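Working notes for the structure below.
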Amino acid sequence: MDWYERYGERTAADGAEARLVSQYRFAESWAMWEMHPEGAEVVICTDGAITLIQDIDGDQQSIRLTRGEYAINPPGVWHTADVDTEAEALFITAGLGTQHRPRT
Numbered sequence: 840m841d842w843y844e845r846y847g848e849r850t851a852a853d854g855a856e857a858r859l860v861s862q863y864r865f866a867e868s869w870a871m872w873e874m875h876p877e878g879a880e881v882v883i884c885t886d887g888a889i890t891l892i893q894d895i896d897g898d899q900q901s902i903r904l905t906r907g908e909y910a911i912n913p914p915g916v917w918h919t920a921d922v923d924t925e926a927e928a929l930f931i932t933a934g935l936g937t938q939h940r941p942r943t
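Numbering (the numbering used here), first residue to last: 840 to 943.
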């Protein structure tokens, strides 16, 4: 996710109150986990269905979202997503300090 690292470098001075608003269409499950230490992330499913997976203290919890539904990834919680066919989602992210790790 090179673009995300470059975004972080350009906007680091905005501080913890800054938010990245983005919308993506997915045709496959995510290959990475991510975590936002400085704030929560709102995920709104705008089309299709997506299953968010949150790793909370070693316990993985699945949250299935369909069009119009939302979930919140709390600060510091590692999360990823599974997509059965195609899905689109809107993300409102506290991007400062975001970390990624491979999904195994």
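Every residue, glycine too, gets a C-beta built ideally from N, C-alpha and C.
Small disclaimer: the values here were computed from a predicted structure and weren't measured.
Quick one: what's residue i bridged to in DSSP?
{"i": "GLU873", "result": "HIS918, HIS939"}
{"i": "THR885", "result": "Answer is none; THR885 lacks a bridge partner."}
Going by DSSP in three states, residue i sits in which element: helix, strand or coil?
{"i": "GLU925", "result": "coil"}
{"i": "ARG903", "result": "strand"}
{"i": "ARG864", "result": "strand"}
{"i": "GLU880", "result": "strand"}
Would you mind sorting residue i into buried or exposed? The rule is 16 or more other CB atoms within 10 Å of its CB.
{"i": "THR937", "result": "buried"}
{"i": "ALA866", "result": "exposed"}
{"i": "ALA926", "result": "buried"}
{"i": "GLU873", "result": "buried"}
{"i": "THR932", "result": "buried"}
With distances taken Cα to Cα, identify the nearest neighbour of residue i among the options.
{"i": "VAL916", "options": "GLY907, THR890, ILE889, GLN899", "result": "GLN899"}
{"i": "GLU844", "options": "ALA888, LEU935, GLU856", "result": "LEU935"}
{"i": "THR890", "options": "LEU859, THR919, ARG940", "result": "THR919"}
{"i": "THR885", "options": "GLU877, GLY878, ALA870, THR905", "result": "THR905"}
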